[in-house]
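To keep things clear, I will list the structure first and then write my remarks on it.
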Amino acid sequence: MFTDTEIKAAGLRALVAALGDVQAEKFVALIQREPFDYTKWQRTLWPDKNLEEISQAAMKRRQETGREEEAK
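Heads up: the sequence shown runs through residues 1 to 72, numbered per our numbering.
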């Protein structure tokens with residue numbers, strides 16, 4: 001289990017890896033500035049997938065990530 005600090009650090013690393021430093025900072029600023037309903041937002045992420053498909057993809061990703069973490 002990860003601590004809150006570890007989750008925040010990993011999340012920021014993922015943002016920087018995906019967006020670069022400047023755009024990651026902009027993303028964080030946007031989230032903090034604008035009202036944000038995560039539950040409502042996540043429902044629009046994969047409109048063409050059902051719950052089972054999303055769950056399977058998440059489990060597969062977790063297994064892949066777990067192997068990467070073990071190799072470090």
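Heads up, the beta-carbon is just placed ideally off N, CA and C, and yes, glycines get one too.
From a predicted model like this one, the values you see are computed outputs, not experimental measurements.
Cβ-Cβ distance between residue i and residue j below 9 Å
i	j	result
Val28	Leu15	yes
Ala18	Ala24	yes
Collapsed DSSP secondary structure at residue i in the structure displayed
i	result
Thr3	coil
Leu45	coil
Asp21	helix
Phe36	coil
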